[in-house]
Amino acid sequence: MNSVDTIMRDSSGNLWFTGVKNLPPTVNETEESVSMVYNVVDAGVSVYNGERFQNFDTDDGLPSNRVWSVFEDNSGKLWFATDAGVAVAVYLPIDDKQELPQREPPPLSINEVAFGNFSEGWAVGENGEIIHNLDGGPTWKLQRTSTGKTLTSVDMKFAPLGWAVGTNGVIQRTVNGGEYWKFHETHAGYDLYGVSFITKRKGWAVGRAGIILSTTDGGFTWESKLSGISETLYDILALSEQELYAVGADGTIIHSTDGGETWKQEHTGVDNDLYTITRVKDGETLWVAGQGGVVLRRPKR
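For the sequence shown, our numbering gives the first residue as 1, with consecutive numbering after it.
Printed below as a string of structure tokens:
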């Protein structure tokens, strides 16, 4: 698989890349960005400890080599969303010869996993299915949704409030931790691939053909914003109520400093599709990952 779907920095400083195994990078630096291009040689999930990579796949206990995302809960457990279900593990240093234990996967394809408070997690996938884990254990339970569309992204940082987006502009919203997910109309019609809330009321969603939607009432109503581009956007990150980044096809990164009213395209020096953007705990460094194993870093400013 020649792509990086997500990148995550765990509490120990290790960088996790889903879907690839990377060889030492080629570094390209410009005044605006630092890009590292990796050779993709295997599927599964890779971890980089600052010196070397380690790869895990089905031989190590993953349910599938197609891993969509990885998340660390507050107890230090790592959760892997795959197209054959969810696996959970505790990562140890390479010298400890640790293996990733397999967990019984639920019978659905998972696109993304998100955690709210402590070890409570949610995962979204095909056919409008959302599964829920209450305590970081191996048991996931199916929740009741109001759509049969594929769900691609979920944000639960304000749990029990939460939002999920998917194909044909579908948006699901919950106020009770997913006991019930309610459909909210966007009138967009375009597939949505990313969602990010900065407060309980203010959030954004992005998707096909450069569409950007915003809400200021917690997801009851959504308004379309002009992005100025036609490339599909795969992820969005709200740094504050004013500052936003979105990434997408053909190396696209756009930046807003006025809450998404206007956007400026940033130079990346790559034409790979970019699938995910995240901020590390120092609050300033941004990481972007995408097709062909490309990884971009925006250093502290």
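Beta carbons: idealized from backbone N, C-alpha and C, even for Gly.
When the distance is taken between beta carbons, is residue j closer than 8 Å to residue i?
{"i": "residue 297", "j": "residue 237", "result": "no"}
{"i": "residue 70", "j": "residue 18", "result": "yes"}
{"i": "residue 4", "j": "residue 195", "result": "no"}
{"i": "residue 136", "j": "residue 73", "result": "yes"}
{"i": "residue 127", "j": "residue 68", "result": "no"}
{"i": "residue 251", "j": "residue 268", "result": "yes"}
{"i": "residue 224", "j": "residue 249", "result": "no"}
Tell me which residue opens and which closes the beta strand (DSSP E) that residue i is part of.
{"i": "residue 55", "result": "53-56"}
{"i": "residue 8", "result": "7-9"}
{"i": "residue 17", "result": "15-18"}
{"i": "residue 198", "result": "Residue 198 -> no beta strand (DSSP E), and no H or E assigned at all."}
{"i": "residue 60", "result": "Residue 60 -> no beta strand (DSSP E), and no H or E assigned at all."}
{"i": "residue 191", "result": "Per DSSP, residue 191 belongs to no beta strand (DSSP E) and is neither H nor E."}
{"i": "residue 255", "result": "252-256"}
{"i": "residue 176", "result": "Unbroken run through residue 176: none, as it is neither H nor E."}
{"i": "residue 130", "result": "130-133"}
{"i": "residue 162", "result": "162-166"}
{"i": "residue 271", "result": "Neither: residue 271 is in no beta strand (DSSP E) and is coded neither H nor E."}
{"i": "residue 151", "result": "151-155"}
{"i": "residue 244", "result": "244-248"}
{"i": "residue 111", "result": "110-115"}
Can you find the residues in the same chain that come closer than 7 Å, C-beta to C-beta, to residue i, ignoring five residues on each side of it along the sequence?
{"i": "residue 257", "result": "242 and 243"}
{"i": "residue 175", "result": "160 and 161"}
{"i": "residue 65", "result": "43, 44, 57 and 58"}
{"i": "residue 201", "result": "216, 217 and 218"}
{"i": "residue 134", "result": "120"}
{"i": "residue 180", "result": "144 and 174"}
{"i": "residue 259", "result": "241 and 242"}
Report the rounded CA-to-CA distance for residue i versus residue j, giving the unit in angstroms.
{"i": "residue 149", "j": "residue 168", "result": "8 Å"}
{"i": "residue 293", "j": "residue 124", "result": "24 Å"}
{"i": "residue 145", "j": "residue 178", "result": "8 Å"}
{"i": "residue 232", "j": "residue 142", "result": "30 Å"}
{"i": "residue 216", "j": "residue 186", "result": "13 Å"}
{"i": "residue 290", "j": "residue 235", "result": "11 Å"}
{"i": "residue 88", "j": "residue 140", "result": "11 Å"}
{"i": "residue 208", "j": "residue 138", "result": "35 Å"}
{"i": "residue 83", "j": "residue 131", "result": "14 Å"}
{"i": "residue 286", "j": "residue 9", "result": "11 Å"}
{"i": "residue 170", "j": "residue 81", "result": "21 Å"}
{"i": "residue 46", "j": "residue 7", "result": "10 Å"}
{"i": "residue 13", "j": "residue 49", "result": "7 Å"}
{"i": "residue 182", "j": "residue 210", "result": "25 Å"}
{"i": "residue 199", "j": "residue 52", "result": "37 Å"}
{"i": "residue 203", "j": "residue 85", "result": "28 Å"}
{"i": "residue 273", "j": "residue 11", "result": "28 Å"}
{"i": "residue 315", "j": "residue 192", "result": "Residue numbering for the chain in the displayed model covers 1 to 301; residue 315 lies beyond these limits and cannot be assessed."}
{"i": "residue 55", "j": "residue 288", "result": "20 Å"}
{"i": "residue 270", "j": "residue 147", "result": "37 Å"}
{"i": "residue 16", "j": "residue 239", "result": "21 Å"}
{"i": "residue 190", "j": "residue 79", "result": "29 Å"}
Which residues in the same chain as residue i place their Cβ atom closer than 8 Å to its Cβ, once the five residues preceding and following it in sequence are excluded?
{"i": "residue 157", "result": "114, 116 and 197"}
{"i": "residue 102", "result": "Any reading at residue 102 must be qualified, since the residue scores a pLDDT of 46, below 50, and its modelled position is unreliable; no value is offered."}
{"i": "residue 77", "result": "88, 89, 90, 119 and 136"}
{"i": "residue 75", "result": "118, 119 and 136"}
{"i": "residue 184", "result": "171, 172, 173, 219, 220, 221 and 222"}
What residues in its chain sit with their C-beta under 6 Å from that of residue i, if we drop five residues either side in the sequence?
{"i": "residue 206", "result": "194, 212, 233, 236 and 246"}
{"i": "residue 253", "result": "247, 266 and 268"}
{"i": "residue 163", "result": "155, 173, 195 and 219"}
{"i": "residue 281", "result": "none"}
{"i": "residue 96", "result": "Residue placement at residue 96 is flagged as unreliable, the pLDDT there being 48, under the threshold of 50; a coordinate-derived value is accordingly withheld."}
{"i": "residue 255", "result": "245, 264 and 266"}
{"i": "residue 214", "result": "204, 223, 225 and 260"}
Got a sec: is the Cβ-Cβ distance from residue i to anything in chain C below 8 Å?
{"i": "residue 68", "result": "Protein chains in the displayed structure number just one, and chain C is not present."}
For this session: Evaluate the contact criterion for the segment 263-281 versus the segment 219-232: three or more CB pairs, one atom per stretch, below 8 Å.
Result: The answer is yes - the segment 219-232 touches the segment 263-281, with three or more Cβ pairs under 8 Å.
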